[in-house]
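Everything below concerns the one structure shown next.
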Amino acid sequence: MRPERAPRPSLASVQASLLARITGQELGAPAFETASLIRGDARASAEERLAIYSFMYGARLVEALESQFPRLARLLGADAFADLTTDYVADRPSRHPSLRELGRALPDWLTARRGDEPALASLAALEWTRADVYDLADEPAMSLDAPRAFPPERFGELPLKLIAAHRFVAVDRGTEALWDDLAPSSAEASAMLPVSPKAGPGETLLVWRQEIAVYHRAVDSEERAALALVSAGSRFGTMCDVLSAAHDDEAAAARAFAWLSTWISDGLLAVR
Amino acid sequence: MAGGASTGRRSHVTRDAMTTTPTPTALFPNLGRGLGLRREHYQHVVENRPAVGWFEVISENFMGAGGNPRRVLEAVRRDYPVVLHGVSLSIGSTDPLDERYLAELDALARTVEPAWISDHLCWGTAHGINAHDLLPLPYTEEALAHVARRVEVVQERLGRRILLENPSSYLELDRDMAEHEFLAELARRADCGILLDVNNVFVSAHNHGWDPQAYLAAMPAERVGQVHLAGHSEDGALLIDTHDGQVADGVWRLYAEAVGRFGARSTMIEWDADVPAFEELEAELARAARWEKTALGERRDAA
Chain A
54 MRPERAPRPS
64 LASVQASLLA
74 RITGQELGAP
84 AFETASLIRG
94 DARASAEERL
104 AIYSFMYGAR
114 LVEALESQFP
124 RLARLLGADA
134 FADLTTDYVA
144 DRPSRHPSLR
154 ELGRALPDWL
164 TARRGDEPAL
174 ASLAALEWTR
184 ADVYDLADEP
194 AMSLDAPRAF
204 PPERFGELPL
214 KLIAAHRFVA
224 VDRGTEALWD
234 DLAPSSAEAS
244 AMLPVSPKAG
254 PGETLLVWRQ
264 EIAVYHRAVD
274 SEERAALALV
284 SAGSRFGTMC
294 DVLSAAHDDE
304 AAAARAFAWL
314 STWISDGLLA
324 VR
Chain B
69 MAGGASTGRR
79 SHVTRDAMTT
89 TPTPTALFPN
99 LGRGLGLRRE
109 HYQHVVENRP
119 AVGWFEVISE
129 NFMGAGGNPR
139 RVLEAVRRDY
149 PVVLHGVSLS
159 IGSTDPLDER
169 YLAELDALAR
179 TVEPAWISDH
189 LCWGTAHGIN
199 AHDLLPLPYT
209 EEALAHVARR
219 VEVVQERLGR
229 RILLENPSSY
239 LELDRDMAEH
249 EFLAELARRA
259 DCGILLDVNN
269 VFVSAHNHGW
279 DPQAYLAAMP
289 AERVGQVHLA
299 GHSEDGALLI
309 DTHDGQVADG
319 VWRLYAEAVG
329 RFGARSTMIE
339 WDADVPAFEE
349 LEAELARAAR
359 WEKTALGERR
369 DAA
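In order, the protein sequences belong to chains A and B. The first sequence begins at 54 in the working numbering and counts up by one. The second sequence begins at 69 in the working numbering and counts up by one.
Now the structure itself:
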């Protein structure tokens with residue numbers, strides 16, 4: 054099998070050495086000769102056998118990222134996306150058991166590495182947030198019956214709570230339109246879009262899941278602040294009070310009731 | 069979840085109970101023929117409740133707290149026995165076991181009440197980096213002792229026996245024993261089950277010049293709880309476990325040999341790439357039924 058005089062490397066050092074070769078990561082592993090680590094034969098050499106794993110490693114991770122960032126992949130094209138994500142994985146190798154987490158750092162990585170094309174990071178941030186919300190916890194959503202049944206004279210005490218399956222994401226203006234343009238059903242995205250998409254000043258998108266469908270829309274600073282209150286477990290009257298600081302009472306109440314109606318219709322409020 | 073089948077009940081196996089020699093029908097009941105539950109067939113399965121004995125789900129795909137995956141799994145579990153099949157346990161790694169992963173797996177199992185939980189005889193991490201692959205171990209005494217200890221820890225953590233699947237591989241590392249010797253001894257030493265992937269035996273035997281019959285002969289029959297069948301592809305002189313087509317003729321013949329040795333076991337088709345219409349998977353299951361029937365007939369004749 055192997056010469057008696059050669060000390061056998063430990064399991065840990067064999068694994069570190071092999072993983073370093075497969076992933077290209079510097080793991081401080083002992084530098085074994087490939088032929089001393091892997092048994093080659095007439096069917097395939099040790100190097101050829103190792104190359105199968107290296108190839109599959111790269112292909113598997115690029116494929117996983119493509120499933121998490123399909124519109125970014127469409128925007129860049131297959132080759133550029135593969136190059137970009139290969140660089141990303143080299144910089145940020147997976148440290149989580151699930152491939153689901155692989156793309157979490159891609160938006161920040163794009164900001165750092167492709168800062169001259171901020172739309173890329175914004176698009177990635179929106180796609181990641183949508184993917185993240187996809188399987189967050191379910192909970193019963195408030196229906197219109199809840200406010201209808203609440204005593205009108207105590208309506209300010211109506212408790213509000215945002216569902217867990219929501220996130221806010223800061224993106225450059227134009228990201229929503231870019232996301233729409235890159236829908237799988239749209240024609241030849243790469244032919245329609247500028248090579249280096251530029252983005253405008255920032256805005257906040259609310260991303261949430263209603264039943265099994267994920268949605269997003271822009272929220273202005275006033276609604277964002279109101280949603281923050283609701284997220285913390287506020288009451289309807291508190292929201293009206295905050296709005297009254299910037300609007301007269303009638304306008305504040307009208308705005309609060311409009312939001313309440315929209316949020317319930319969108320499935321954003323949980324039963325408390 | 070309700071789950072009508074008695075096989076879905078959570079096993080409360082204690083360490084003392086696990087020291088007794090297992091009887092295969094008691095520990096790993098034959099669920100018949102099943103399929104891997106894949107996204108492409110979620111709607112068909114939930115709406116049409118096809119006549120499939122059971123479903124295997126990839127544990128990691130259902131570890132999220134909610135959303136469509138959980139809804140589908142709950143709906144499927146109401147009508148079928150389910151087994152959990154993981155790809156991230158990394159039982160052979162020298163990195164510490166990932167407690168977050170074990171906690172999520174345990175929580176999923178408490179919800180799903182699977183007939184059993186399986187993963188692979190492999191490793192995938194080193195120094196915290198995850199290759200997301202099922203890498204072959206060096207089949208050494210050191211590795212055997214290491215993996216056996218970890219299997220015991222995992223079984224203790226999950227409160228049940230697990231099954232480990234023989235991997236397909238394209239390289240061999242320095243070793244003291246053959247893979248089948250390692251797996252058989254591991255199953256005895258750690259008191260775990262074996263998920264015998266017949267396609268993986270076929271692929272690895274081809275790639276390394278092993279004797280597939282010797283592989284089957286080494287398996288402790290009482291510990292073989294489940295069988296995988298799948299398609300593979302040729303890549304030069306090697307075979308690659310691609311799960312993208314029909315089961316090859318040679319794999320069917322090896323499956324018949326396995327049935328002849330072990331009797332009928334819960335058997336399923338894995339088809340993960342270029343996933344076909346559900347009817348084609350049902351046709352593959354029908355082929356499996358014919359091969360099993362023939363093999364069982366020959367087994368009775370021989371007896």
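Glycine residues also receive a C-beta, built at the ideal position from the N, C-alpha and C atoms. None of the values given here were measured: they were computed from a predicted structure.
Nearest candidate by alpha-carbon position, reference residue i, set the options
i: Arg262(A); options: Asn136(B), Phe130(B), Ser127(B) and Ala298(B); result: Asn136(B)
i: Leu322(B); options: Asn267(B), Leu307(B), Gln223(B) and Tyr110(B); result: Asn267(B)
i: Leu263(B); options: Asn116(B), Glu240(B), Arg229(B) and Arg107(B); result: Arg229(B)
i: Val151(B); options: Ser161(B), Leu99(B), Thr193(B) and Ala143(B); result: Leu99(B)
i: His434(B); options: Ala194(B), Ala216(B), Arg101(B) and Leu231(B); result: Residue 434(B) cannot be examined here, being either before or after the span of chain B that is shown, 69 to 371.
i: Thr257(A); options: Ala281(A), Arg167(A) and Leu313(A); result: Ala281(A)
i: Asp187(B); options: His214(B), Pro206(B) and Ser158(B); result: Ser158(B)
i: Gln121(A); options: Ala311(A), Arg220(A) and Pro160(A); result: Pro160(A)
i: Ile105(A); options: Ile308(B), Met287(B), Leu165(B) and Glu209(B); result: Ile308(B)
i: His276(B); options: Glu247(B), Met287(B), Asp317(B) and Ala252(B); result: Glu247(B)
i: Asp317(B); options: Phe270(B), Leu226(B), Leu176(B) and Ile185(B); result: Phe270(B)
i: Trp184(B); options: Phe96(B), Val114(B) and Glu302(B); result: Phe96(B)
i: Ala119(B); options: Glu347(B), Pro182(B) and Leu205(B); result: Glu347(B)
i: Ala99(A); options: Ile75(A), Ala184(A), Pro83(A) and Ala174(A); result: Ile75(A)
Residue i at chain B interface by Cβ criterion, 8 Å
i: Ser151(A); result: yes
i: Val67(A); result: yes
i: Thr228(A); result: no
i: Tyr141(A); result: no
i: Thr76(A); result: yes
i: Pro83(A); result: no
i: Pro123(A); result: no
i: Pro171(A); result: no
i: Met195(A); result: no
i: Arg220(A); result: no
Residue i classed as buried or exposed, judged by whether at least 16 other C-beta atoms fall within 10 angstroms
i: Thr228(A); result: buried
i: Glu338(B); result: buried
i: Ser274(A); result: exposed
i: Gln68(A); result: buried
i: Thr182(A); result: buried
i: Ser89(A); result: exposed
i: Ala304(A); result: exposed
i: Asn116(B); result: exposed
i: Gly255(A); result: exposed
i: Thr315(A); result: exposed
i: Gln294(B); result: buried
i: Thr82(B); result: No answer about Thr82(B) holds up, because its pLDDT of 38 lies below 50 and its placement is not dependable.
Test: residue i CB closer than 8 Å to a CB of chain A
i: His300(B); result: no
i: Gly135(B); result: yes
i: Trp191(B); result: yes
i: Glu210(B); result: yes
i: Gly227(B); result: no
i: Ser156(B); result: yes
i: Tyr238(B); result: yes
i: Leu241(B); result: yes
i: His195(B); result: yes
i: Asp174(B); result: no
i: Ala324(B); result: no
Sequence-distant residues of its chain with Cβ nearer than 8 Å to residue i (five each side left out)
i: Gly132(B); result: Arg138
i: Ser196(A); result: Ile317
i: Asp279(B); result: Ala273
i: Ala278(A); result: Val295
i: His195(B); result: Asp163
i: Asp319(A); result: Trp261, Gln263 and Tyr268
i: Asp242(B); result: Pro206 and Thr208
Same chain, Cβ closer than 7 Å to residue i, neighbours up to 5 away in sequence not counted
i: Ala332(B); result: Asn98, Glu360 and Leu364
i: His311(B); result: Ala298, Gly299, Glu338, Trp339, Asp340 and Ala341
i: Ile126(B); result: His153 and Val155
i: Ala306(A); result: Cys293
Contacting residues, own chain, Cβ-Cβ under 6 Å from residue i (five flanking each side not counted)
i: Ala199(A); result: none
i: Arg325(A); result: Pro212 and Lys214
i: Arg107(B); result: none
The ligand FAD heavy atom lying under 7 Å from the CB of residue i
i: Ser66(A); result: As presented, the structure is devoid of all ligands, the ligand FAD included, so that no description of it is given.
Contact with chain E by residue i, beta-carbon distance below 8 Å
i: Ala199(B); result: Looking at the structure shown, chain E is missing, and the protein chains on hand are A and B.
Complete alpha helix (DSSP H) runs within the stretch 112-143 of chain B (minimum length 4 residues, chain order): Counting whole runs of 4 or more residues, the stretch 112-143 of chain B contains no alpha helix (DSSP H) stretch at all.
Runs of alpha helix (DSSP H) lying entirely within the stretch 68-139 of chain A, each at least 4 residues, in chain order: With a minimum length of 4 residues, the continuous alpha helix (DSSP H) runs that stay inside the stretch 68-139 of chain A are 87-90, 99-121 and 123-129.
Those runs of the alpha helix (DSSP H) which lie wholly inside the stretch 229-313 of chain B and span at least 4 residues: Segments of the alpha helix (DSSP H) lying fully in the stretch 229-313 of chain B: 247-258, 266-276 and 280-286.
In chain order, each alpha helix (DSSP H) run of at least 4 residues that lies wholly inside the stretch 261-318 of chain A: Those alpha helix (DSSP H) runs which fall completely within the stretch 261-318 of chain A and span 4+ residues are 274-284, 289-297 and 302-318.
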